[in-house]
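A.B. asks: Start counting the sequence shown at 1461; every next residue gets the next number (this note's numbering). Pasting a structure here, questions to come.
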Amino acid sequence: MNGEGESATARAGARPRHVAIVMDGNGRWARRRGLPRTAGHRAGVQSVRRVVEASVARGIEALTLFAFSSENWRRPRQEVGVLMGLFLTTLQREIGRLHAEGVRLRFIGAREGLAEKLRRRIDEAERLTAGNRRLHLTIAANYGGRWDIAQAARHLAGEAAAGRIDPEAIDAERFGRYVCLADLPEPDLLIRTGGEQRISNFLLWQIAYTELYFTDLLWPDFDERAYDEALAWYAGRERRFGALPHAEEERVGDG
Ligand code: IPE
Ligand code: IPE
Ligand code: MG
């Protein structure tokens, strides 16, 4: 994450390269309006569009959105059905525009758990946008951080069993190549809307040094201004990665 020869500590700087978001609070947003929870999910789609546009406009390189956790299957069948339907229709409706804007769209999560039709659309969208580089947009669907770590372990165990890798050679760097998003910089900023201060099994491995930002705003109310507030907060952080604060380090250098 740090360039060679660079100080281990760094001002987060003007903007994060990679932003991850737990989009929470759709249900409460709807209930407060006397609407069914699913109306909140529909409103949440508009927020997704806004944040994607804003990310492109602000030069963010990667945006990773938590859309459906591996535990969200515990919700009523009807709500799960509406969410899956929304993924499918939104994907169909938006993919042309995303592609035209230079967005590379990918999905992470246990794909085999999704309906065949949705899987096919996902495959097509990934193939269509594979060459785009303006924004790496990743949707986590049927994703869990523990699932991610387990699939990496399974993969590595397979390699070891086949004699292609020495178990002794497995360290954090090597392991990290098998978790999702390994080809992107680690998330610099994780935003969670909806007031809860927890990770809910989103990215676990990848957020070891990520700055965490929590807001009470419900996801459908999260707009460009709220996004800019989060980005401004991030710009003021000093990231240390286990080293000393920047000012302290200079003092040490002075002797
Ligand atoms: C987030 O909003 C969307 C998903 C988890 C799919 P919620 O549906 O969790 O909304 P709240 O937290 O119940 O308000
Ligand atoms: C996290 O929200 C999952 C997504 C936003 C997709 P939840 O609403 O599922 O989280 P909990 O249940 O409040 O922890
Ligand atoms: Mg929730």
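Glycine is no exception: its CB is placed at the ideal position from the N, C-alpha and C atoms.
Okay, do the region 1567–1579 and the region 1496–1504 touch, 3+ Cβ pairs below 8 Å being the bar?
C.D. replies: no
A.B. asks: Of the choices 1502, 1554, 1487, whose alpha-carbon is the least far from that of residue 1536?
C.D. replies: That would be 1487, whose Cα lies nearest to the Cα of residue 1536.
A.B. asks: In its own chain, which residues sit with a C-beta less than 7 Å from the C-beta of residue 1642, not counting the 5 before and 5 after it?
C.D. replies: 1636
A.B. asks: With three or more beta-carbon pairs closer than 8 Å as the criterion, would you say the region 1644–1664 touches the region 1577–1595?
C.D. replies: no
A.B. asks: Can you name, in chain order, every residue of its own chain whose Cβ lies under 8 Å from the Cβ of residue 1546, other than the five neighbours on each side?
C.D. replies: Excluding residues up to 5 positions away in sequence, 1501, 1502, 1505 lie with their Cβ nearer than 8 Å to the Cβ of residue 1546 in the same chain.
A.B. asks: Looking at ligand 3, does it come within less than 7 Å of residue 1688, judged from the CB to the closest heavy atom?
C.D. replies: No, the beta carbon of residue 1688 sits no closer than 7 Å to any heavy atom of ligand 3.
A.B. asks: Ignoring anything shorter than 3 residues or poking outside the region 1513–1574, list the beta strand (DSSP E) runs there in chain order.
C.D. replies: 1522–1529, 1563–1568
A.B. asks: Can you confirm whether the region 1677–1687 touches the region 1510–1524 when touching is taken to mean that 3 or more C-beta pairs between the two stretches lie within less than 8 Å?
C.D. replies: yes
A.B. asks: Under a three-way DSSP split, which group does residue 1478 fall into?
C.D. replies: strand
A.B. asks: Using DSSP with H/G/I as helix, E/B as strand and the rest coil, what is residue 1682?
C.D. replies: coil
A.B. asks: State the CB to CB distance for the pair residue 1596 and residue 1644, rounded to an integer number of angstroms; the pair is presumed to be in contact (CB under 8 Å).
C.D. replies: 6 Å
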